[in-house]
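See below for the structure under consideration.
There are 2 protein chains.
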Amino acid sequence: MKANPLQTIMNPESIVYLGGSNDLQTMGTAQLINIVKGGYKGKIYPIHRKEKTVLGLTAYRNITSMDKPADLAVIVIPGKAIPGVLEECGKAGIRHAIIITAGYGEIGREGKRLQQELIDVAHKYDIRFLGPNCMGIVNGPIGLNTTWFPTKYRAGHVGIISQSGSYVTQTLTYFEKLGLGISQAISVGNQADIDMVDCLAYLGEDDQTRSIALYIEGIKKPAAFLKTARKITPQKPIVAMYVGGTEAGARACASHTGSMAGPNKLYDGLFHQAGILRARNITDLFDWSLALAQQPLPKGNNIAVLTNSGGPGSSMADEADNYGLKIPLFAPDTQEKIKAMTPFTAAYVNPVDVTMNYDLDLIYKKLPELILNLRQIDGMLFYGIFGTIHFQDKMTLAGNHSDTPLDLLEKTTEKACNEFIKLPEKFKKPILCACFSGREDNSVARIQDGGIPVYPTPGRAARAMAALWEYKKIKGHRFPRSPSRKTGSPGDDAGNTGP
Amino acid sequence: MKANPLQTIMNPESIVYLGGSNDLQTMGTAQLINIVKGGYKGKIYPIHRKEKTVLGLTAYRNITSMDKPADLAVIVIPGKAIPGVLEECGKAGIRHAIIITAGYGEIGREGKRLQQELIDVAHKYDIRFLGPNCMGIVNGPIGLNTTWFPTKYRAGHVGIISQSGSYVTQTLTYFEKLGLGISQAISVGNQADIDMVDCLAYLGEDDQTRSIALYIEGIKKPAAFLKTARKITPQKPIVAMYVGGTEAGARACASHTGSMAGPNKLYDGLFHQAGILRARNITDLFDWSLALAQQPLPKGNNIAVLTNSGGPGSSMADEADNYGLKIPLFAPDTQEKIKAMTPFTAAYVNPVDVTMNYDLDLIYKKLPELILNLRQIDGMLFYGIFGTIHFQDKMTLAGNHSDTPLDLLEKTTEKACNEFIKLPEKFKKPILCACFSGREDNSVARIQDGGIPVYPTPGRAARAMAALWEYKKIKGHRFPRSPSRKTGSPGDDAGNTGP
């Protein structure tokens, strides 16, 4: 079996770069800066007709003047010159390319002709390429970012394949706030050669990638897509957003990536057969991918809600219920135990609402452990993160500029968080949190960095929990339970005994 | 007609405060700090049995030792002592109170009894009070914040009434990121005296409030609620989130605010009759309230999408279509005009996708003006905000520490934004934006501060536009168009002529 060309494209030992200069205003230079300064350890060879150095690196006059072929060519020069350059790459022994430049198949007849030229040259020299009209790739773990958006991103376990370059570039600040780390992100552009199916196959095999997020404007080879996806989804979750299902969406997609879109129902069916979760918007796409990459799956849909505030607790319970989860009443003895541990204003039946108080040990440790230890409960939704944000402004407002109490608070809360983040692994049950504050709060940052997603609203945490359960069902369907489990014999650890 | 007691509660000239001390660790002190240091210009009288000053203010030993009655008492002392204190307030001539303390009607029989005691004392002295079990109020324009959450908030035009204190306290950081400004926010708690209907009537009359967001766990007086809401919604939009409609939600609400919840269908009917938009989650509740407070209503549902990136443009078009908006094809002559102004890679039929380029005049001025000037188009969804965030990191990564180019970029982009924010007023049509970067980008901040909402995802902008159209229909239904308009006579400025 032939190696997937993405193996080299995502992990090149050397890159030849066409389209960068010392002029910081150009897109090509912006992208080269990211490669040069983003942490990538491989060799980089800029090509420039006039300059001796580009961004401090020795520049080559052209590809033929190089000693030995690079693993990968990244090309950001005007479109008409690219077939010729690709020919040079072929002659020089370069076998992989990313073609960023737009103005091909997506703009009509002349563009299509030019795109066919690329394909012909590539075939002639056995070159495999990504694009054209794409934003390139991000390989989180090795620090390779060929896109133009320079914001520092987080390496992690969500793999992204997108027909829009923006979803792997301009979203980087969004991901950072969400605490979403990227394993490999690929902007597929016009898919003239390497297509979404190749990318899917690659991420299916990639060990760093624990969940896959797809942004789709139209699938060109549905049979191959289905076959590949079906191999992946029993082991690794895939979440897809498809935007070509409405009349307006289809028109937008056609002019964007030249995709032929189909009706929503067709895609619903395709995703269902493939075991893919369909997200209806960008928020859900990345929220769900994050939870799936980082948390264990619930064995059933009985979820506990633990909160220090009634409103967000009620909101989580309501949204969980709307999305197919259950918030079962705790058994009477459990209720009694919780009642004994909590203030007299607390609720203890599920949701558990400890009401506002400063007992970190109660909310981060004692109650979560008690709850997650319940055989009846498959996962926990949590609203009660409590860090320095509550006090930063207060110190300032109060005119107390000594930072000692804040330092102490920071240490105390982080210690509590460090215990909290161990719980999913310890109990093999998922925890998802919501907090209206973001990473400006030290505890939110600590919990996100510790692998537990923290969403900005209660509803988003609840929907992400529902996505975990949805994928659990998909997985269970693919690997049917053994008969002994079905009859509820001893050892049935998936059983939900109910309240 | 009796004055609404909230008139004084929201705008007191003097406050007597019970429950604050010089111990920064207590909740009562946290709340007092906010009042003292938050910008409020009225008089503040802390009551303390021992201290001579509290947070630098002269303290009084008790209410009876004060010279003249304050407009408002804010009470955060233990619950059992409150009836006695309220009695003292009554004797001293104080007629308004906010009772923050919890442990009343929401915790069972003993709490209910204590709550009745409060009501009896209040009746005896004609005291009107908010709470108990609430978080107090925020009056944005006068800088009065009685809640414990000290984060600086933005004064603006969204009025909030919430059965959860968290939605007017812990959400303040969330609001700040969204650029949502508060006119008046009220945490109603157990509604032992002043209830949601009183608050609604008050915000209905409040000039600063242009839209009202409700968080509801259960409505106690549906007939009064309906009557009051119906008076408001023809002039001022109301968005409500109700969480008691599921079994789990209802249980959570009962323990939280002692509310009796009803099935979703009942509330759907009530909201429909009242002309209230129902939001299904917190995200939509505040997104929609923000758009309704700040943008003109579309006259029809024909919306243009203007973007500098295909993916987000497609996503906005698709979600708009899903939520009942139309993204009509532009007329051929309009298409030609746009084609002539944009790069050859651009899309020009609607969505208009200028693709990534640095022409600020094109994306912020020329194209928006051309589009909003079209009789066919009722509003615009915009993805193309372009500020310093794209370059901050690049400067650092490139090792160019001179900040001159960044300063120039900041000035240039802000100048462009300053023109852009005038457009909704100029054309009397709404603009809603999406950008994955937040206020860390100077242009996002400038546009939000200029009154145009910028949402973190394309779908959220599209759904908020749909909410504007939804409210426009509610308003039109209440004030039926005159027959001449219906027949499309000259002067029918609401007509959608179509492409």
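Residue numbers (the numbering used here), protein chains in the order written: chain Y, 1 to 499; chain P, 1001 to 1499. Every residue, glycine too, gets a C-beta built ideally from N, C-alpha and C. Note that the structure is a prediction, hence the values are computed from the model and not measured.
Less than 8 Å between CB atoms is the rule here; does threonine 1283/P satisfy it with respect to chain Y? Counted from its first residue, the second sequence places residue 1283/P at position 283. Cβ-Cβ to chain Y under 8 Å: yes for threonine 1283/P.
Would you list the one or two residues that DSSP bridges to valine 239/Y? The sequence position of residue 239/Y within the first sequence is 239, counting from 1. BP columns for valine 239/Y point to Ala213/Y and Leu277/Y.
Ignore the nearest five residues each way along the sequence and tell me which others in glycine 39/Y's own chain have a CB closer than 7 Å to its CB. Position 39 of the first sequence, counted from the start, is the residue given in the question as residue 39/Y. Hits under 7 Å: Gly143.
May I ask you to list, following chain order, the residues of the stretch 25-45 of chain Y that have a beta carbon less than 9 Å from some beta carbon of chain P? Gln25, Met27, Thr29, Ala30, Ile33, Asn34, Val36, Lys37 and Gly38
Kindly list, in the order they appear in chain Y, the residues whose Cβ is closer than 8 Å to that of glycine 1322/P. Residue mapping note: residue 1322/P aligns to position 322 of the second sequence, counting from 1. Going by the sequence as given, residue 1322/P is asparagine instead of glycine. Within 8 Å Cβ-Cβ: Thr246 and Arg280.
Could you name the residues of the stretch 1046-1068 of chain P whose beta carbon sits closer than 9 Å to any beta carbon of chain Y, in the order they occur along the chain? Leu1055 and Gly1056
Amino acids of chain P, ordered along the chain, whose beta-carbon sits closer than 8 Å to that of phenylalanine 149/Y: Position 149 of the first sequence, counting from 1, holds the residue named residue 149/Y. Here the neighbours are His1390.
In chain Y, which residues lie less than 8 Å from lysine 1152/P when you measure between Cβ atoms? Sequence index remark: in the second sequence, residue 1152/P carries index 152 (1-based). Listed by position along chain Y, the residues whose Cβ is nearer than 8 Å to that of lysine 1152/P are Asp393.
Nearest by alpha-carbon distance to proline 12/Y: which of Gly379/Y, Met465/Y, Val349/Y and Ala70/Y is it? The sequence position of residue 12/Y within the first sequence is 12, counting from 1. It is Ala70/Y.
CB of glycine 300/Y to nearest heavy atom of the ligand GDP: below 7 Å? Absence of the ligand GDP is noted for the structure shown, with no ligands found whatsoever.
Neighbour-count burial assignment, alanine 1223/P, 16 or more Cβ in a 10 Å radius: The residue you call residue 1223/P lines up with position 223 of the second sequence. Its Cβ having fewer than 16 others within 10 Å, alanine 1223/P is exposed.
Beta-carbon separation of tyrosine 364/Y and cysteine 417/Y under 8 Å? For the purposes of this step, residue 364/Y is taken as the residue at position 364 of the first sequence. For the purposes of this step, residue 417/Y is taken as the residue at position 417 of the first sequence. Going by C-beta atoms, tyrosine 364/Y is nearer than 8 Å to cysteine 417/Y.
Through-space distance from glycine 459/Y to proline 298/Y, alpha-carbon basis: As a working note, residue 298/Y is residue 298 in the first sequence. As a working note, residue 459/Y is residue 459 in the first sequence. Approximately 18 Å between the Cα atoms of the pair.
Around the C-beta of aspartate 1023/P, are 16 or more other C-beta atoms found within 10 angstroms, so that it is buried, or is it exposed? Residue mapping note: residue 1023/P aligns to position 23 of the second sequence, counting from 1. Counting the other CB atoms within 10 Å of its CB gives aspartate 1023/P a total below 16, which places it among the exposed residues.
Assign alanine 320/Y to buried or exposed, taking buried as 16 or more other Cβ atoms, counted over all protein chains shown, within 10 Å of its Cβ. For this step, residue 320/Y is matched to residue 320 along the first sequence. Under this definition alanine 320/Y is a buried residue.
Taking only three categories from DSSP, how would you classify tyrosine 267/Y? As a working note, residue 267/Y is residue 267 in the first sequence. The answer is helix: DSSP assigns tyrosine 267/Y an H, G or I state.
CA-CA distance, glycine 204/Y and threonine 413/Y? As a working note, residue 204/Y is residue 204 in the first sequence. As a working note, residue 413/Y is residue 413 in the first sequence. Cα to Cα, glycine 204/Y sits roughly 38 Å from threonine 413/Y.
Residue span of the beta strand (DSSP E) that contains valine 158/Y, given as start and end: As a first step, residue 158/Y is located in the first sequence; it is residue number 158 there, counting from the start. First-last of the beta strand (DSSP E) with valine 158/Y: 155-162.
Is there at least one Cβ from chain Y nearer than 8 Å to glutamine 1295/P's Cβ? The residue you call residue 1295/P lines up with position 295 of the second sequence. So, not an interface residue.
Status (buried if at least 16 other CB within 10 Å, exposed otherwise) for alanine 340/Y: For the purposes of this step, residue 340/Y is taken as the residue at position 340 of the first sequence. Answer is exposed; the Cβ neighbour count stays below 16.
Can you name, in chain order, every residue of its own chain whose Cβ lies under 6 Å from the Cβ of histidine 1272/P, other than the five neighbours on each side? Position 272 of the second sequence holds residue 1272/P. Within the same chain, histidine 1272/P has no close Cβ partners at all.
Would you call the stretch 1261-1269 of chain P and the stretch 1294-1314 of chain P in contact, with 3 or more CB pairs under 8 Å? By the Cβ criterion, the stretch 1261-1269 of chain P is not in contact with the stretch 1294-1314 of chain P, since fewer than three pairs of Cβ atoms, one from each stretch, lie closer than 8 Å.
Kindly list the residues whose CB is nearer than 6 Å to the CB of lysine 428/Y, restricted to its own chain and excluding five residues on each side of it in sequence; keep chain order. For the purposes of this step, residue 428/Y is taken as residue 428 along the first sequence, with counting starting at 1. Excluding sequence neighbours, lysine 428/Y sits near Pro296.
Using C-beta distances below 7 Å, list every residue in its chain close to glycine 1105/P, excluding the 5 sequence neighbours before and after it, in chain order. As a first step, residue 1105/P must be located in the second sequence, where it is residue number 105. Within the same chain, glycine 1105/P has close Cβ partners Gly1111, Lys1112, Gln1115, Asn1190, Ala1192 and Gly1258.
Measuring alpha carbon to alpha carbon, tell me which residue in Asn1301/P, Ile1119/P, Leu1290/P and Ile1474/P is nearest glycine 1450/P. On the second sequence, position 450 is the one that residue 1450/P refers to. Cα-wise, what sits closest to glycine 1450/P is Leu1290/P.
Short Cβ contact (8 Å threshold) for arginine 95/Y with isoleucine 127/Y: Counted from its first residue, the first sequence places residue 95/Y at position 95. Counted from its first residue, the first sequence places residue 127/Y at position 127. For arginine 95/Y and isoleucine 127/Y, yes; Cβs fall inside 8 Å.
Can you tell me whether leucine 144/Y is helix, strand or coil according to DSSP? As a working note, residue 144/Y is residue 144 in the first sequence. In the structure shown, leucine 144/Y sits in a strand (DSSP, three-state: E or B).
Using the beta-carbon of each residue, which ones in chain Y are nearer than 7 Å to glycine 1459/P? Counting from one through the second sequence, the residue named residue 1459/P turns up at place 459. Chain Y residues near glycine 1459/P: Asn281, Ile282 and Thr283.
Starting from phenylalanine 1344/P, find everything on chain Y with Cβ-Cβ shorter than 7 Å and list it in chain order. Along the second sequence, read from residue 1 onward, the residue named residue 1344/P stands at position 344. Gly103 and Ile107, listed in chain order.
So, does the CB of valine 349/Y fall closer than 8 Å to a CB anywhere in chain P? Position 349 of the first sequence, counting from 1, holds the residue named residue 349/Y. Yes - at least one Cβ of chain P is within 8 Å of the one on valine 349/Y.
From the DSSP output, in three-state form, read off alanine 3/Y for me. As a position in the first sequence, residue 3/Y is number 3, starting the count at 1. The answer is coil: DSSP assigns alanine 3/Y none of H, G, I, E or B.
Is any beta-carbon of chain Y found at less than 8 Å from that of glycine 1310/P? Residue 1310/P sits at position 310 when you count from the first residue of the second sequence. Judged by the 8 Å Cβ criterion, glycine 1310/P is in contact with chain Y.
Just the chain P side, please: which residues come within less than 8 Å of aspartate 318/Y by C-beta, in chain order? In the first sequence, counting from the first residue as 1, residue 318/Y sits at position 318. Close to aspartate 318/Y, with beta-carbon spacing below 8 Å, are these residues of chain P in chain order: Val1243, Gly1244, Gly1245, Thr1246, Ala1248, Gly1249 and Ala1252.
Looking at C-alpha atoms only, which residue of Asp1198/P, Tyr1215/P, Pro1083/P and Gly1108/P is the closest neighbour of threonine 1008/P? Here residue 1008/P refers to the residue found at position 8 of the second sequence. Among Asp1198/P, Tyr1215/P, Pro1083/P and Gly1108/P, the Cα nearest to that of threonine 1008/P is on Asp1198/P.
Between tyrosine 1500/P and chain Y, is the shortest Cβ-Cβ distance under 8 Å, so that the two count as touching? Any question about residue 1500/P goes unanswered here, given that chain P covers just 1001 to 1499.
Sub-8 Å separation of asparagine 1301/P and leucine 1329/P beta-carbons: One-based indexing of the second sequence puts residue 1301/P at position 301. One-based indexing of the second sequence puts residue 1329/P at position 329. Not closer than 8 Å, so no.
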